[in-house]
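Each remark here refers to the structure printed beneath this line.
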Amino acid sequence: MISSFYTSATGAINLQSGFDVTANNIANVSTVGYKPSSASFADLIYTNIHAAAGENSQLKSGHGTKVEKTDTLFTQGSPKQTGRNLDYALVNPNNYFAVRSNGEVKYTRNGSFHLSVEDDGSYLASSDGGYVLDAQGNRIAMESEEDTPAIGVFSVKNEDGLVRTGNTCFQLSDLSGPATAVTDPEIKKSYLEDSAVDVADQMTSVIELQRAFQFNSKMVQVSDEIMQTVNSLR
């Protein structure tokens with residue numbers, strides 16, 4: 142009966158991690174260029190019951206569940222017209238703007254930019270203050286918001302290999318491969334890409350996680366009641 146406590150508690154704790162992923166998606170339903178995450182669960186090790194050493198049996202006892210991985214869903218959001226000169230939306234999937242911040246280059250589909258006025262001029266900057274880069278990896282100097290900057294657009298071989306850093310930014314990894322500048326990229330000016338979060342899908346996920354959490358909580362309650370009954374018989 143002790144194992145039932147551990148099994149149900151493990152399930153409840155890991156389901157809470159699934160709730161956190163879904164809650165973060167819902168919180169970013171209005172975030173420009175946001176890509177939702179999806180938590181995948183896996184069963185923990187099973188124990189063979191009434192089986193000889195080293196052999197499998199038809200009767201097995203599980204030990205709960207765990208969050209196996211969290212994937213980013215690179216679904217493209219819908220373009221939304223803003224009428225603002227420094228808003229840009231990428232038309233093709235697997236295309237990203239490059240932003241340099243604190244010496245690191247990150248990649249994003251959030252094209253809500255502004256001008257950063259400095260002593261040596263004005264530069265195109267991202268919403269978090271990083272420098273937007275051109276195809277050669279240099280800062281983009283601008284005199285006014287009416288200019289038409291040559292914004293660099295990049296792609297990677299394996300989009301699933303990108304590592305999320307923040308809500309809308311990604312970094313390269315060995316799995317993603319290097320970023321390659323796109324020739325003649327298609328960019329829509331005065332548009333932004335909406336969040337790719339589907340509220341209906343997220344609410345379905347909430348219901349599924351809630352039912353599983355209630356089931357594990359009920360297991361804890363039943364196990365506790367049985368233990369109390371057994372202890373009262375002593």
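Okay, so the sequence shown: first residue is 142 according to the working numbering, each after it adds one. Even glycine gets a Cβ: it sits at the ideal position worked out from N, Cα and C. Nothing here was measured: the structure is a model prediction, and the numbers come from that model.
Boundaries (first-last residue) of the alpha helix (DSSP H) holding residue i
i, result
"residue 366", "340-373"
Sub-7 Å separation of residue i and residue j beta-carbons
i, j, result
"residue 252", "residue 282", "no"
"residue 334", "residue 244", "no"
"residue 241", "residue 272", "yes"
"residue 373", "residue 163", "no"
"residue 294", "residue 326", "yes"
"residue 204", "residue 148", "yes"
Identity of the residue in the options nearest residue i by Cα
i, options, result
"residue 330", "360, 215 and 227", "227"
"residue 236", "185, 339, 321 and 264", "321"
"residue 151", "358, 306 and 288", "358"
"residue 216", "349, 342, 369 and 289", "342"
"residue 238", "210, 258 and 275", "275"
"residue 328", "336, 290 and 298", "290"
"residue 206", "221, 171, 249 and 158", "158"
"residue 299", "288, 170, 317 and 360", "317"
"residue 336", "165, 144, 323 and 366", "165"
"residue 211", "348, 360 and 305", "305"
"residue 246", "185, 267, 366 and 170", "267"
"residue 324", "292, 307, 185 and 348", "292"
"residue 173", "367, 225 and 220", "220"
Straight-line gap, residue i to residue j (C-alpha atoms, nearest Å)
i, j, result
"residue 278", "residue 354", "48 Å"
"residue 153", "residue 180", "14 Å"
"residue 233", "residue 332", "14 Å"
"residue 315", "residue 303", "9 Å"
"residue 175", "residue 312", "15 Å"
"residue 126", "residue 213", "Since the first residue of the chain shown is 142 and the last is 375, residue 126 is not available in this structure."
"residue 309", "residue 208", "22 Å"
"residue 111", "residue 160", "Because residue 111 is not part of the residues shown, which for the chain are 142 to 375, the question remains open."
"residue 339", "residue 369", "45 Å"
"residue 364", "residue 371", "11 Å"
"residue 270", "residue 352", "42 Å"
"residue 362", "residue 156", "17 Å"
"residue 319", "residue 168", "31 Å"
"residue 260", "residue 287", "20 Å"
"residue 255", "residue 223", "14 Å"
"residue 356", "residue 257", "53 Å"
"residue 348", "residue 231", "34 Å"
"residue 229", "residue 307", "20 Å"
Per DSSP, the bridge partner or partners of residue i
i, result
"residue 255", "266"
"residue 328", "231"
"residue 184", "206"
"residue 240", "247 and 273"
"residue 280", "274"
"residue 322", "295"
"residue 178", "213"
Where the beta strand (DSSP E) through residue i begins and ends
i, result
"residue 337", "Per DSSP, residue 337 belongs to no beta strand (DSSP E) and is neither H nor E."
"residue 212", "206-213"
"residue 221", "220-222"
"residue 249", "245-249"
"residue 312", "310-312"
"residue 294", "294-296"
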